[in-house]
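**Q**
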Amino acid sequence: MAASEKIVEVKNLVKHYGKFKAVENVSFDVYRGDVFGFLGPNGAGKSTTIRTMLSLIRPTSGELHLFGKSLSHNRNYILRKIGCIVEKPDFYKYLSAQKNIEIFARVSGISVDKKKVQEIIEFVGLKGREKDKVGGFSHGMKQRLGIAQTLIHDPELIILDEPTTGLDPQGIIDIRNLILQLKNERNKTIVLSSHILSEIELIANRLVIINKGKSLVQGSVSELLNAQELIVSFTVDHLEKATALLEQAQMQQAINKIEDKNLLLHISQQEIPVVNKLFCDNGVNVFSIESKRKLEDYFLKLISA
Amino acid sequence: MFWRSTYNEFLKIAAKPRSYIGVGAITLIIALILFALKIDGHNFISFATRPFEQSLSFEGNILNGNLVAFIILQMLIIHVPLLIALVTGDLISGESAMGTIRLLLTKPISRTSLLFSKYLAGCIYTLVFLLWMGFIALVVGKYLFGTGDLVVLNSDGLIILQDHDLGWRFFTGFLTSYLSLIMIATLSLTFSCFSENSIGPIVSTMAVIILFNIMGALNVEFLQKIQPYLFTTHMLAWRSFFEDPLPVGKIVTSITVLLTHIVVLLAVATYKFNRKDILS
Amino acid sequence: MKAFRLIAFFILLFFAKSSSAQVSANANRLLHSIYAKLQKATDYSVQANIKVDMPFIRMLPIDAKIYFKQKNKFKVESKSIAVVPRQGFDQASKMLADTNAFNALVQGTEMINNVQTSVVNIIPVADTSDLILGKFWIDEKQKLILKSKLTTRSNGTIVTEYFYGAQAQYALPDKMIFQVDVKKFKMPAGTTTDQAAAAKKKEESQDEKDKKGKIIITLTNYQVNKGIPDDFFKKK
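Protein sequence lines correspond, in order, to chains A, B and C.
Going by the working numbering, the first residue of the first sequence is number 54, and it counts up by one from there.
Going by the working numbering, the first residue of the second sequence is number 1222, and it counts up by one from there.
Going by the working numbering, the first residue of the third sequence is number 31, and it counts up by one from there.
1. Could you pull out every unbroken beta strand (DSSP E) segment of at least 3 residues lying fully inside the segment 1255 to 1293 of chain B, listed in chain order?
2. Is the segment 1377 to 1388 of chain B close to the segment 1425 to 1436 of chain B, with three or more CB pairs under 8 angstroms?
3. Exposed or buried, residue 305 (chain A), counting other C-beta atoms within 10 Å across all chains shown (16 or more means buried)?
4. Mind pulling the chain B residues with CB within less than 8 angstroms of residue 94 (chain A)?
5. Rounding to the nearest angstrom, what Cα-Cα distance links residue 246 (chain C) and residue 254 (chain C) in this structure?
6. Please report the residue range of the beta strand (DSSP E) in which residue 75 (chain A) lies.
7. Chain B partners of residue 143 (chain A), CB-CB under 8 angstroms?
8. Would you check if the distance between the CB atom of residue 64 (chain C) and the CB atom of residue 1369 (chain B) is smaller than 8 angstroms?
9. Mind checking whether residue 85 (chain C) and residue 188 (chain C) have CB atoms under 8 angstroms apart?
10. Counting contacts by CB-CB distance shorter than 8 angstroms, is residue 1387 (chain B) in contact with chain D?
11. Quick one: does residue 151 (chain A) have its CB under 8 angstroms from some CB of chain B?
12. Note the first and the last residue of the continuous beta strand (DSSP E) segment covering residue 329 (chain A).
13. What's the call for residue 180 (chain A), buried or exposed, on a 16-neighbour Cβ count within 10 Å?
14. Does the beta-carbon of residue 37 (chain C) have 16 or more other beta-carbons within 10 angstroms, so that it is buried, or is it exposed?
15. According to DSSP, is residue 252 (chain C) part of a helix, a strand, or is it coil?
16. Quick one: Cα of residue 175 (chain A) to Cα of residue 233 (chain A), how far?
17. Relative to chain A, which residues along the segment 1452 to 1472 of chain B have a C-beta separation below 8 angstroms, given in chain order?
18. Can you list, in chain order, the residues of its chain with a C-beta nearer than 6 angstroms to that of residue 251 (chain C)? Leave out the 5 residues immediately preceding and following it.
19. Which word fits residue 1467 (chain B), buried or exposed, when buried means at least 16 other C-beta atoms lie within 10 angstroms of its C-beta?
20. Against residue 78 (chain C), what residues of chain B qualify as contacts under a CB-to-CB distance less than 7 angstroms, listed in chain order?
21. Would you say residue 211 (chain C) lies against chain B (beta-carbon separation less than 8 angstroms)?
22. Would residue 259 (chain C) count as contacting chain B if we go by Cβ distances under 8 angstroms?
23. By the 10 Å Cβ neighbour count, where 16 or more other Cβ atoms means buried, how is residue 327 (chain A) classified, buried or exposed?
24. How big is the Cα-Cα spacing for residue 164 (chain A) and residue 110 (chain A)?
25. For the segment 1302 to 1320 of chain B against the segment 1405 to 1414 of chain B, are there 3 or more C-beta pairs whose distance is under 8 angstroms?
26. To the nearest angstrom, report how far apart residue 1262 (chain B) and residue 1459 (chain B) are at their CA atoms.
27. For residue 142 (chain A), name the three-state secondary structure that DSSP assigns.
28. Could you please give the first and the last residue of the uninterrupted beta strand (DSSP E) stretch that includes residue 77 (chain C)?
29. Based on the DSSP output, what are the partners of residue 154 (chain C) in its beta bridges?
30. Quick check on DSSP: helix, strand or coil for residue 1499 (chain B)?
31. Relative to the C-alpha of residue 123 (chain C), which candidate in C:162, C:89 and C:103 has its C-alpha closest?
32. Classify residue 159 (chain A) as buried or exposed, calling it buried when 16 or more other Cβ atoms lie within 10 Å of its own Cβ.
33. Kindly indicate which residue of A:285, A:212 and A:335 has the alpha-carbon position closest to the one of residue 298 (chain A).
34. Please state the DSSP three-state secondary structure of residue 70 (chain A).
35. Among A:188, A:137 and A:63, which residue has its Cα nearest to the Cα of residue 205 (chain A)?
36. So is residue 128 (chain C) buried or exposed if we call it buried at 16+ other beta carbons inside 10 Å?
Listed below in structure tokens is the structure:
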């Protein structure tokens, strides 16, 4: 697999609504085989960027190239290779799941193959519900059906905008597993936008973080996070004494934050027992040791900067 | 892709309950008219012959299926446009309201193609609607009232058209009515491109029809100058096929005005739909 | 001298009265003979072509079949809608049926289509009669009415011209032309929804009102005295 093949190239994307700047000079690239995380708080411009990539919104300026072609001049060619869910997947409530998939299949440039439709519906876990009207589906079922319609024409790129919004924990796990299946079993390139960090951290290999319409940073998850370093929270009884011990051990630069009785340290996994022994040997009682999500901290740092 | 999309759109129209509201309503209205005419039709038609009845007598089957069909076509000048707009006004805005427009416009079909496929499906629906109306009016009307010459009351007098001469008149009359209804469908579709909800385009279409009808009826000098250009002035062009001699010039003018409106509205709809940001 | 003038006056008066009575008696006799001739056809059927030449009405000529039976049974059968004079075709016969109902007076002669006719005026006796005034132009030799002008309260004034051919023996015409007064034709305002500007049409209609309306009925293939049953004329 040519991992270096660029599938999506977004350069200096700008979208204004009058005076309001929804997206300002956002740039990122997505390579074939990526699970690309598109991360940002609510209102950061994620949906606007994704809608622009899908030609739902006209950009004010900037370049959008997908599969090596300009979106503005090769819209149909590009969209034939993309399957997507934008925000919540909405269907024709008065039609059955099967009919909905057939309708979208027809305009995706493929002939309607009832057997294939059946296979896709089963793949997303809706077997036995294909004849039911979508109006009676739960949110989770609609989300599954949404993924079914992204796959019906076997696209190369799948774009999912907040796919787990409104789902219960089991639903979130199911969708996550489905995404991983798509990547691993069907070799799809996936762009996944979310404000839920755990989703991105668990499945994305590359990401871009945007805030207030601007892209802050992009790269591989491992590069950005430096997996060697963790934020570890020690709950102790004497904070001052613990701090003094760290100073004595010349580890004061590892102190990230002090919160109530919690001492947050920026240390590697190997240093955890060392610090624990230091505290225990010197009369500082340790009640708990917790490894905090690095990404969350990194993300919060970035957006508050 | 265009034809597949058109097939899709027609499937959607056929599956929507509101499509049958229009058909059901028109069936009920026509049934009521047929019933009323069966009970008291002779009083109704004497209204047309009364100016002459002092000196003349009209012998023959005046209240026949042809006259009934003609009356039905006349009486539905407001009702039918509303029932058409109920469906065609929902073609774009309904998808926006439902949220399905998002998915639809991420498919590899140009917006123009999609718009025109919806338009064509709407035109097919209108045709089916009109054919159904024609069937009940003419076929059921003739079954109930028999056949005969058609007596038409115009402002310049009475025209009696012979039965054998009516086939082509009804055919061309229906074709022209169809053009008028396509005009309504186009107007509501255009409004639909500007709206995110279903009710706005329907109400706007009816408001325009009512307003233009009022403007067309007022005897004000300024309005008289624009009356020939209002599409409502020409929506009754089908009636011209029941005059003798046939006012060819008038018919051509009406068809031209209606077609011009259709083309302009389609151009506006295409422009708007292509440039629209999908935010819903 | 004075006495001579008085006697001459009374003699003249006597002759005037007796000649007036004579004229009146002549008129009644003439009308009676016309009526008798009309009674010869107890029933008939005839093919008719009806052409309407009238302001405010446009229609193509139509074919119909007309049935008549004495005294006043009348029926028109046609696939098309036929426009006929309201009074029917036998008005003259009806008028002449009761000679006591009117006073008749010969008022001279007139040439109609190169035939010398006697002009007979009919004035109804009763004030409540539907007939207001009648006038007949009669060919005395053939005992045929060539023209009539009847003014009635219910139907206005209708002038009828009669043309005879093979059925002259029964006083059944080959052609009749009815002239109808169209001044009272009035189009209902605001009831039509066609595109023509009402104002413009109103102007044109004024000219139309000055015209006369005609119904021209051509009659062929008479079947006289074939015995048409009374039931035939009952309305279904």
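Where a beta carbon is used, it is the ideal one built from N, C-alpha and C, also for glycine.
**A** Judging by the given coordinates:
1. 1277 to 1280
2. no
3. exposed
4. None at all; the shortest Cβ gap to chain B is about 19 angstroms.
5. 22 angstroms
6. 73 to 84
7. 1319, 1320, 1321, 1323 and 1324
8. no
9. no
10. Note that chain D does not occur in the displayed structure, where the protein chains are A, B and C.
11. no
12. Run containing residue 329 (chain A): none in the beta strand (DSSP E); it sits in the alpha helix (DSSP H), 324 to 334.
13. exposed
14. exposed
15. strand
16. 17 angstroms
17. none
18. 77
19. exposed
20. Under the 7 angstroms cutoff, chain B gives no residues; its nearest Cβ is about 11 angstroms from residue 78 (chain C).
21. yes
22. no
23. exposed
24. 28 angstroms
25. yes
26. 23 angstroms
27. coil
28. 73 to 83
29. C:132
30. coil
31. C:103
32. buried
33. A:335
34. strand
35. A:137
36. exposed
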